[in-house]
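Mapped onto numbering that gives the first Met the number 0, the consecutive letters of the sequence shown carry residue numbers 0 to 85.
To start, the structure itself, in structure tokens.
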Amino acid sequence: MECRVGCGACCIAPSISSPIPGMPNGKPAGVRCVQLTTDNRCALYGKPERPAICVRLRPHPDMCGNDADEALRLLTALELSTQPER
Numbered sequence: 000m001e002c003r004v005g006c007g008a009c010c011i012a013p014s015i016s017s018p019i020p021g022m023p024n025g026k027p028a029g030v031r032c033v034q035l036t037t038d039n040r041c042a043l044y045g046k047p048e049r050p051a052i053c054v055r056l057r058p059h060p061d062m063c064g065n066d067a068d069e070a071l072r073l074l075t076a077l078e079l080s081t082q083p084e085r
């Protein structure tokens with residue numbers, strides 16, 4: 000599966016614990032990455048400063064669904080189900 004241009008769900012739903020340019024402490028789940036452009040594209044795509052976790056993440060129908068709204072719902076559910084218990 001190819002990444003859906005302009006989706007951005009993977010830049011919003013998951014938490015990222017590694018530093019991101021402009022977000023030195025990473026980002027919490029549900030917070031829009033500062034590197035996500037207004038048209039929902041990664042400003043760091045293809046650049047060396049892009050976090051390794053972002054580089055390794057690959058689109059898959061189970062997390063991307065049929066459209067950006069479904070992708071956001073699926074990734075949010077995945078994030079919630081994999082959070083450590085408090």
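No residue lacks a Cβ here, since even glycine has one placed at the ideal position from N, Cα and C.
Hey, would you say residue i sits closer than 8 Å to residue j, going by beta carbons?
i: Arg71; j: Ile11; result: Note on residue identity: the sequence assigns Leu, not Arg, to residue 71. Yes.
i: Ser17; j: Ala51; result: yes
i: Arg3; j: Cys53; result: no
i: Gln34; j: Gly21; result: yes
i: Arg57; j: Gly5; result: no
What does the alpha-carbon distance come out to for the pair residue i and residue j?
i: Gly29; j: Pro13; result: 7 Å
i: Glu48; j: Cys32; result: 14 Å
i: Pro83; j: Pro27; result: 14 Å
At what residue ranges does the segment 7 to 74 contain a whole run of the alpha helix (DSSP H), taking only runs of 4 or more?
-> As far as the segment 7 to 74 is concerned, its whole alpha helix (DSSP H) runs of at least 4 residues are 51 to 55 and 60 to 63.
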